[in-house]
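> Residue numbers (my numbering), protein chains in the order written: chain U, 32 to 326; chain A, 19 to 309. Backbone N, C-alpha and C define an ideal beta-carbon position, used for all residues, glycine too. Following this message is one structure expressed as structure tokens.
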């Protein structure tokens with residue numbers, strides 16, 4: 032194999048090499064500057080966040096032993112009895128879990144409906160009026176800036192303890208988050224059907240119903256299912272502030288060191304989250320498949 | 019606005035029956051499809067109504083609660099921190115520190131995990147499956163629960179919050195990173211290997227340059243979202259502004275609550291703005307360099 036490389040004469044090579052090292056130097060300066068900034072921010076945050084590596088190191092065995100403690104003592108000879116003892120309150124927890132799932136479901140449903148109405152008003156291609164769009168966008172932003180637990184805290188004050196404040200909190204956060212995603216989908220639709228409908232005399236609502244909705248529906252459903260997954264996770268902790276569901280039971284068993292209960296509830300929660308993720312993923316794949324056939 | 023003339027409508031009506039005969043699908047969906055969508059709507063509504071009944075929802079209670087919320091909104095005006103301004107500001111700094119260190123730490127720890135879980139780097143099915151399920155399990159537990167567990171280890175305070183965000187994001191980043199790595203182009207890797215590079219070289223020069231902009235933008239996105247999570251992590255005692263927020267709500271100090279909410283709102287928007295600028299700059303610069 033011939034190993035000859037054509038090398039340019041030095042006179043031609045020098046400016047190219049210089050340009051290369053200049054370009055590399057600029058890139059290097061950016062990288063070094065970024066790293067210095069990163070280190071400065073890290074040190075500042077470590078100071079503000081009271082990072083204490085000694086405490087971390089001495090506490091680390093406790094992290095491991097915590098997991099050791101919460102793992103139930105299951106023996107092979109008495110496996111069935113041990114399982115029964117571990118999940119002694121299975122029916123009660125299952126009822127609370129059902130509450131959690133229903134909080135997530137109704138909250139998601141209400142949020143989807145609100146987001147559905149607001150997303151068209153927030154889309155630049157369908158709503159020409161700037162004030163309407165501005166108000167719609169700002170209210171969606173307000174709804175999604177705060178984690179649902181902040182709304183839950185306030186609603187628990189207003190509506191009392193129980194799952195209703197949780198439902199409302201999830202609905203508001205979901206409306207904000209989905210409204211934004213929906214309006215991004217709406218802004219990317221093909222406007223020709225809408226123009227056709229408007230030209231043949233359709234009004235605003237008719238144009239959306241027959242021109243936009245058929246284009247966006249499968250995307251909307253897919254986003255809503257994803258949001259339902261997220262909300263199931265979110266709803267498990269709403270009980271921490273008294274907004275219903277399994278969270279209340281979990282926080283009280285963590286606080287009172289009922290170790291076996293902690294692991295039993297966590298197993299139930301994680302199992303449910305897996306199941307919901309799997310189901311919604313399957314549904315979404317089915318949906319996108321149908322979409323592919325139909326169009 | 020006056021009703022627009024609709025000359026086309028009459029034209030359409032004239033041979034509507036003819037069109038309907040030729041294209042029945044355009045006028046009515048197949049019967050099975052219509053039954054299915056009807057069943058979904060009815061079933062969904064029935065479940066919602068059952069839930070409202072189960073939760074003891076009543077319009078009167080609802081209106082009563084809204085009334086209370088209205089009173090609260092009035093009491094919030096004008097927002098006023100009282101004598102707590104300095105405490106709130108330092109708690110907010112703590113919140114930002116929690117979000118920053120939590121995101122950074124989890125991103126650094128998750129990179130090797132992402133490699134391990136990517137089937138084009140480690141082509142071992144058992145490793146792939148085990149690492150994926152491990153990450154799923156971590157993600158299945160909410161940040162607040164991790165915070166409660168870490169409080170047992172390092173005590174109350176923002177350090178527990180940092181560790182909680184680190185743990186829960188480790189699960190998310192591990193998954194996202196491994197997906198980004200799996201989606202990368204195989205050819206640069208082959209190029210590096212055929213030029214005599216080792217496996218590590220092939221990752222450093224073949225995969226990393228492709229995935230780094232994607233990973234960075236994901237990390238920034240999570241930093242935004244963690245700023246929001248870090249505002250509430252104080253509710254369970256893991257540092258930040260959340261503790262003050264929960265306390266002032268519990269004591270019905272509504273002017274202070276309003277002030278804290280405004281502080282959070284401003285901070286979150288500022289972080290969003292900076293991070294979206296950074297993200298754009300990073301993606302733009304990188305794609306400009308490769309083109």
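Of all the residues that make up the region 95-117 of chain U, which are near chain A by a beta-carbon distance shorter than 7 Å?
97
> Would you tell me roughly how many angstroms separate the C-alpha atoms of residue 324 of chain U and residue 287 of chain U, rounded to the nearest one?
As a first step, residue 324 of chain U is located in the first chain; it is residue number 293 there, counting from the start. As a first step, residue 287 of chain U is located in the first chain; it is residue number 256 there, counting from the start. Confidence is the limiting factor: at residue 324 of chain U the pLDDT is only 43, short of 50, which leaves the residue's position unreliable, though a coordinate-based value still follows. Taking the straight line from one Cα to the other gives about 55 Å.
> At least one CB of chain A closer than 9 Å to the CB of residue 277 of chain U: is that the case?
Mapped onto the first chain, residue 277 of chain U falls at position 246. No, residue 277 of chain U does not count as interfacial toward chain A.
> Given this structure, state the Cα-to-Cα distance separating residue 301 of chain U from residue 191 of chain A, to the nearest angstrom.
Within the first chain, the letter at position 270 stands for residue 301 of chain U. Within the second chain, the letter at position 173 stands for residue 191 of chain A. Each residue's alpha carbon lies about 18 Å from the other.
> State whether the region 223-234 of chain A contacts the region 183-200 of chain A, with contact taken as three or more CB pairs (one from each stretch) at a distance under 8 Å.
Contact between the region 223-234 of chain A and the region 183-200 of chain A is established, with three or more Cβ pairs separated by less than 8 Å.
> If I measure Cβ to Cβ from residue 169 of chain A and keep anything under 8 Å in the same chain, skipping five residues before and after, which residues do I get?
To locate residue 169 of chain A, count along the second chain from 1; it is residue 151. So the list reads 178, 254, 255, 256, once near-sequence residues are dropped.
> List the residues of chain A whose Cβ lies closer than 8 Å to the Cβ of residue 203 of chain U, in chain order.
By 1-based counting over the first chain, the position of residue 203 of chain U is 172. Within chain A, no residue comes near residue 203 of chain U; the closest Cβ sits about 12 Å away, beyond 8 Å.
> By the DSSP assignment, the alpha helix (DSSP H) with residue 218 of chain U in it spans what residues?
Start at 1 with the first residue of the first chain, and residue 218 of chain U comes out as number 187. Looking at the DSSP string, the run of the alpha helix (DSSP H) that includes residue 218 of chain U is 194-218.
> Give, in chain order, every residue of the region 100-113 of chain A whose Cβ lies closer than 7 Å to some Cβ of chain U.
111, 112
> Considering only residues of the same chain and omitting the five flanking positions on each side of residue 248 of chain A, which have a CB-CB separation below 6 Å?
As a first step, residue 248 of chain A is located in the second chain; it is residue number 230 there, counting from the start. Result list for residue 248 of chain A: 113, 116, 117, 258, in chain order.
> Run through the region 57-132 of chain U for me and flag every whole alpha helix (DSSP H) of 4 or more residues, listed as ranges in chain order.
84-101, 110-117, all fully within the region 57-132 of chain U.
> On the three-state DSSP scale, how would you describe residue 36 of chain U?
Locating residue 36 of chain U in the first chain gives position 5, counting from the first residue. Assigned with DSSP and collapsed to three states, residue 36 of chain U falls in coil, not helix or strand.
> Return helix, strand or coil for residue 297 of chain A, following the three-state DSSP convention.
Walking along the second chain from the start, residue 297 of chain A turns up at place 279. If DSSP states are grouped into helix, strand and coil, residue 297 of chain A belongs with the helices.
> What does residue 78 of chain A reach in chain U if we use C-beta pairs closer than 9 Å?
Mapped onto the second chain, residue 78 of chain A falls at position 60. Going along chain U, no residue has its Cβ under 9 Å from residue 78 of chain A, so there is no contact; the nearest lies around 12 Å.
> Do residue 182 of chain A and residue 251 of chain A have their C-beta atoms within less than 9 Å of each other?
Counting from one through the second chain, the residue named residue 182 of chain A turns up at place 164. Counting from one through the second chain, the residue named residue 251 of chain A turns up at place 233. Yes, the Cβ-Cβ distance between residue 182 of chain A and residue 251 of chain A is below 9 Å.
> Between residue 48 of chain U and residue 38 of chain U, what straight-line distance do the alpha-carbon atoms span, to the nearest angstrom?
Within the first chain, the letter at position 17 stands for residue 48 of chain U. Within the first chain, the letter at position 7 stands for residue 38 of chain U. Going by the C-alpha atoms only, they are around 12 Å apart.
> What residue range does the alpha helix (DSSP H) around residue 73 of chain A cover?
Here residue 73 of chain A refers to the residue found at position 55 when the second chain is read from its first residue. That residue, residue 73 of chain A, is in no alpha helix (DSSP H); it is neither H nor E in DSSP.
> Report the neighbours of residue 176 of chain A on chain U: residues whose CB is nearer than 7 Å to its CB, in chain order.
Residue numbering aside, residue 176 of chain A sits at position 158 when the second chain is read from its first letter. Per Cβ cutoff of 7 Å: 80, 81.
> Using CA atoms only, rank isn't needed, just tell me which of U:177, U:145, U:244 is closest to residue 202 of chain U.
By one-based count along the first chain, residue 202 of chain U stands at place 171. It is U:145.
> When we look at the beta-carbon of residue 292 of chain U and count the other beta-carbons within 10 Å, is it buried (16 or more) or exposed?
What you label residue 292 of chain U is simply residue 261 of the first chain in a count that begins at 1. Residue 292 of chain U should be labelled buried.
> Does the beta-carbon distance from residue 186 of chain A to residue 164 of chain A come in below 9 Å?
Taking the second chain and counting its residues from 1, the one referred to as residue 186 of chain A is at position 168. Taking the second chain and counting its residues from 1, the one referred to as residue 164 of chain A is at position 146. Yes. Within cutoff.
> Among U:215, U:204, U:102, which has the Cα closest to the Cα of residue 150 of chain U?
Numbered from its first residue, the first chain carries residue 150 of chain U at position 119. Nearest C-alpha to residue 150 of chain U: U:215.
> If you drop the 5 nearest sequence neighbours on each side, which residues of the same chain put their C-beta closer than 6 Å to that of residue 174 of chain A?
Reading the second chain from its first residue, position 156 is the one you call residue 174 of chain A. Cβ within range, chain order: 255.
> Assuming the contact rule is C-beta atoms closer than 8 Å, residue 275 of chain U and residue 193 of chain U should be a hit. Round their C-beta distance to whole Å, please.
Position 244 of the first chain, counted from the first residue, corresponds to residue 275 of chain U. Position 162 of the first chain, counted from the first residue, corresponds to residue 193 of chain U. Right, the Cβ-Cβ distance comes to about 5 Å (below 8 Å), so this counts as a contact.
> Excluding the five sequence neighbours on either side, which residues of its own chain have a C-beta within less than 6 Å of the C-beta of residue 212 of chain U, listed in chain order?
Taking the first residue of the first chain as 1, we reach residue 212 of chain U at position 181. Answer for residue 212 of chain U: 254, listed in chain order.
> Need the endpoints of the alpha helix (DSSP H) that residue 257 of chain U sits in, please.
On the first chain, residue 257 of chain U is found 226 positions in, with the first residue counted as 1. 244-269 is the extent of the alpha helix (DSSP H) around residue 257 of chain U.
> Please return the same chain residues whose Cβ sits closer than 6 Å to the Cβ of residue 168 of chain U, not counting the five positions on each side in sequence.
Against the first chain, residue 168 of chain U aligns to sequence position 137. The beta carbon of residue 168 of chain U sits closer than 6 Å to the beta carbons of 153 from its chain, once the five residues preceding and following it are set aside; these are given in chain order.
> Please look up how many angstroms separate the CB atoms of residue 124 of chain A and residue 188 of chain A, rounded, as I've assumed it's under 8 Å.
To locate residue 124 of chain A, count along the second chain from 1; it is residue 106. To locate residue 188 of chain A, count along the second chain from 1; it is residue 170. Between residue 188 of chain A and residue 124 of chain A the Cβ distance is about 5 Å, and since that is below 8 Å, they are a contact.
> Would you list, in chain order, the members of the region 237-251 of chain A that have their beta-carbon closer than 8 Å to a beta-carbon of chain U?
Among the residues of the region 237-251 of chain A, those with a Cβ less than 8 Å away from any Cβ of chain U are 246, 247, 249, 250, in the order of the chain.
> If the cut is a Cβ gap below 8 Å, which residues of chain U does residue 66 of chain A touch?
The residue labelled residue 66 of chain A in the question sits at position 48 within the second chain. Chain U residues near residue 66 of chain A: 136, 137, 140.
> In three-state terms, what does DSSP make of residue 271 of chain A?
In the second chain, the residue the question calls residue 271 of chain A occupies position 253. In the structure shown, residue 271 of chain A sits in coil (DSSP, three-state: anything other than H, G, I, E or B).
> In chain order, what are the residue ranges of uninterrupted alpha helix (DSSP H) at least 4 long that sit wholly in the region 165-202 of chain A?
176-200
> Less than 9 Å separating the beta-carbons of residue 79 of chain A and residue 190 of chain U?
In the second chain, counting from the first residue as 1, residue 79 of chain A sits at position 61. In the first chain, counting from the first residue as 1, residue 190 of chain U sits at position 159. In this structure, residue 190 of chain U lies closer than 9 Å to residue 79 of chain A by Cβ.
> Counting only Cβ pairs nearer than 7 Å, list the residues of chain U close to residue 167 of chain A.
Position 149 of the second chain, counted from the first residue, corresponds to residue 167 of chain A. The answer, in chain order, is 97.
> Can you tell me the Cβ-Cβ gap for residue 262 of chain A and residue 106 of chain A, rounded? I've got them flagged as a contact below 8 Å.
If you number the second chain from 1, residue 262 of chain A lands on position 244. If you number the second chain from 1, residue 106 of chain A lands on position 88. 6 Å between Cβ atoms; contact.
> List, in chain order, every chain D residue whose beta-carbon is nearer than 7 Å to that of residue 72 of chain U.
No chain D is part of this structure, whose protein chains are labelled U and A.
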